[in-house]
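Visitor: Below is a structure I'd like to ask you about.
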Amino acid sequence: YGGTELVVDQLARGLEHAGCEVVLFATGDSAASVETRWLYPEALGTAVPIGLEQAHVEAAYKALADVDVIHDHTLSGPQWAVANGCQVPVVTTVHGRFTAGLRHAYRAMATGGVGVVAISHAQRRTAPEIPIDTVIHHGIDTTGWPVGRGRGGYVLFLGRMHPDKGAHRAIQIARAAGRRILLAAKMWDPAEHRYFAEQVEPLLGPDAVYVGEVGGACKRDLLGGAEALINPIRWPEPFGLVMIEALAHGTPVLSFAEGAAPEIVEHGRSGFLCADEGDMVEALRHVADLDRADCRARVDVSFSAEHMVRAHLDLYRRRLSMDGAGTRAARAPAFATNG
33 YGGTELVVDQ LARGLEHAGC EVVLFATGDS AASVETRWLY PEALGTAVPI GLEQAHVEAA
93 YKALADVDVI HDHTLSGPQW AVANGCQVPV VTTVHGRFTA GLRHAYRAMA TGGVGVVAIS
153 HAQRRTAPEI PIDTVIHHGI DTTGWPVGRG RGGYVLFLGR MHPDKGAHRA IQIARAAGRR
213 ILLAAKMWDP AEHRYFAEQV EPLLGPDAVY VGEVGGACKR DLLGGAEALI NPIRWPEPFG
273 LVMIEALAHG TPVLSFAEGA APEIVEHGRS GFLCADEGDM VEALRHVADL DRADCRARVD
333 VSFSAEHMVR AHLDLYRRRL SMDGAGTRAA RAPAFATNG
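According to the numbering used here, the residues represented by the sequence shown are 33 to 371, in order.
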């Protein structure tokens, strides 16, 4: 399911394709195609005890002591690096929301020499006190992703069963616009099951169908067949990978003008940025006026894997230069990621 895992995989593959030596420190069952090292042979689940996570982090930094740059996608890893005087340049990407506690933690990391990467300008603006090194949007490899025709006879909600994600709002919006909606969503945690039972399931019917959690080719087929992606999120989401996945298949995105959505969706060209539910109902009636080729072009120009990789290589070279590693900076750096 994880969007972060997808981004790490895309980045690792892209860096290797660009000529870097890439090592991924993850778990032994990782399906990534790059060289992988690990402490734990299998993933430990979603709620990992702090002691096990700390052991993973320490093993990662010891295993990656000979690389040029470590790109750490965990929270505790960069903290360990600062506390233990790691000699390898470290950068870290903030994949989630800056809470009060996280702002303090990332400010300490940046002060300690870690390069902090935001995934949108909207995310960066929520923590002005943190010296963010750079903003790098997520990118995806669209090789083999055709532009869909959007003729499946439905609009789509794709995400997670959570009130902030707004599956119940998506049903109400689609129904008010006279559209059939399919809902594909992760539902693992007790809170997600409770939200589904209390607010989503009572709204289901012939015109609103929950199809479960999807991935891979099934997800791509759903996106390509959808008339539009309804993304009625009511919180400042730092990015929203599902939006660029939809656009890659030529599917317009309807979202509220919050978080990173205005950085992704070109209003009136690749979708609509709406003020409220009523506005989204009206916008849904006009998605057929949009050119699906324009939606795909939005990804090819601004959110491709190649674009993401180039931005990261610029970041790594800059950090190597700051570190005074002139000889290492002269070649494509070896890259390691801890995920």
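C-beta: ideal position from N, C-alpha, C; glycine also.
Would you report the Cα separation of V146 and A320, rounded to the nearest angstrom?
Guide: 46 Å
Visitor: Beta-carbon within less than 7 Å of V246's beta-carbon, same chain only, minus the 5 sequence neighbours each way: which residues are those?
Guide: A216, L254
Visitor: Going by the CB atoms, is the gap between C327 and A278 shorter than 9 Å?
Guide: yes
Visitor: Give me, in chain order, the residues of the same chain whose beta-carbon lies closer than 7 Å to that of A337; leave out the 5 immediate sequence neighbours on both sides.
Guide: Q42, G46, G171, I172, D173
Visitor: Given 8 Å as the limit, is there contact between the stretch 309-319 and the stretch 69-83, that is, 3 or more CB pairs closer than that?
Guide: For the pair of segments examined, the stretch 309-319 was found not to touch the stretch 69-83: the number of CB pairs separated by less than 8 Å stays below three.
Visitor: Does the Cβ of H49 have 16 or more other Cβ atoms within 10 Å, making it buried, or fewer, making it exposed?
Guide: exposed
Visitor: Is D104 helix, strand or coil by DSSP?
Guide: It is a strand residue.
Visitor: Does the distance from the CB of P264 to the CB of F288 come in under 9 Å?
Guide: Against a cut-off of 9 Å, the Cβ pair of F288 and P264 comes out as a contact.
Visitor: Just how far apart, CA to CA, sit V274 and V241?
Guide: 19 Å
Visitor: Anyone know if the C-beta pair for A87 and F57 falls short of 9 Å?
Guide: no
Visitor: When you compare only the Cα positions, how much space is there between M340 and V39?
Guide: 10 Å
Visitor: Please classify P121 as buried or exposed, where buried requires at least 16 other C-beta atoms within 10 Å of its C-beta.
Guide: buried
Visitor: Can you find a heavy atom of the ligand MN that lies under 8 Å from the Cβ of G272?
Guide: Ligands in the displayed structure: none, and consequently the ligand MN is not present.
Visitor: Who are the Cβ neighbours of G35 in its own chain at under 7 Å, not counting the five residues just before and after it?
Guide: L273
Visitor: What does the Cβ neighbour count give for E161, buried or exposed, with the cut at 16 atoms within 10 Å?
Guide: exposed
Visitor: If V126 and V99 are in contact, beta carbons under 8 Å, what's the gap, nearest whole angstrom?
Guide: Their Cβ separation, rounded to whole angstroms, is 21 Å, which puts V126 and V99 out of contact at 8 Å.
Visitor: Short of 7 Å in beta carbon distance, which residues of its chain neighbour F228, apart from the five on each side in sequence? Order them along the chain.
Guide: In the same chain as F228, and ignoring 5 residues on each side of it, the C-beta atoms closer than 7 Å to its own belong to M193, M219, in chain order.
Visitor: Please report the residue range of the beta strand (DSSP E) in which T125 lies.
Guide: Taken as a continuous stretch (DSSP letters only), the beta strand (DSSP E) holding T125 covers 122-125.
Visitor: From T283, R211, A132, S152, pick the residue whose C-alpha is nearest to that of A329; which is it?
Guide: Nearest option by C-alpha distance: T283.
Visitor: Pull up the distance between the alpha-carbon of A258 and that of L214, whole angstroms please.
Guide: 9 Å
Visitor: Verify whether the separation of the beta carbon atoms of A140 and Q111 is less than 9 Å.
Guide: Contact annotation: A140 and Q111 have beta-carbon atoms nearer than 9 Å.
Visitor: Would the beta-carbon of A159 fall within 9 Å of that of R183?
Guide: no
Visitor: Run through DSSP, which three-state label would W112 get?
Guide: In this structure, W112 counts as helix in the three-state DSSP scheme.
Visitor: Which residues bound the beta strand (DSSP E) around E67?
Guide: 67-70
Visitor: For the candidate residues T143, A202, G77, whose alpha-carbon lies nearest to that of L286?
Guide: A202
Visitor: Could you compute how far the alpha carbon of P238 sits from the alpha carbon of L188?
Guide: P238 and L188: Cα-Cα distance of roughly 14 Å.
Visitor: Rounded to whole angstroms, what's the CA-CA distance from G133 to L107? Just pull it up for me.
Guide: Taking the CA atoms as reference points, G133 sits about 12 Å from L107.
Visitor: Of all the options P222, Y138, R350, L236, which has the alpha carbon lying nearest to the alpha carbon of T78?
Guide: Nearest option by C-alpha distance: P222.
Visitor: Using a Cβ-Cβ cut-off of 6 Å (strictly less than) and excluding sequence neighbours within five positions of V54, which residues of its own chain qualify?
Guide: A44, L47, E48, V66, F367
Visitor: Is the Cβ-Cβ distance between F335 and H169 less than 9 Å?
Guide: yes
Visitor: Buried or exposed: E295, going by 16 or more other Cβ atoms within 10 Å of its Cβ?
Guide: For E295, the number of other beta carbons within 10 angstroms of its own is at least 16, and it is reported as buried.
Visitor: For a test of the three-state rule: what should DSSP assign to A206, helix, strand or coil?
Guide: helix
Visitor: For T36, does the three-state DSSP call read helix, strand or coil?
Guide: In the structure shown, T36 adopts helical secondary structure according to DSSP, grouped into three states.
Visitor: Just verifying my parser: in three-state terms, what is the DSSP assignment at Y186?
Guide: coil
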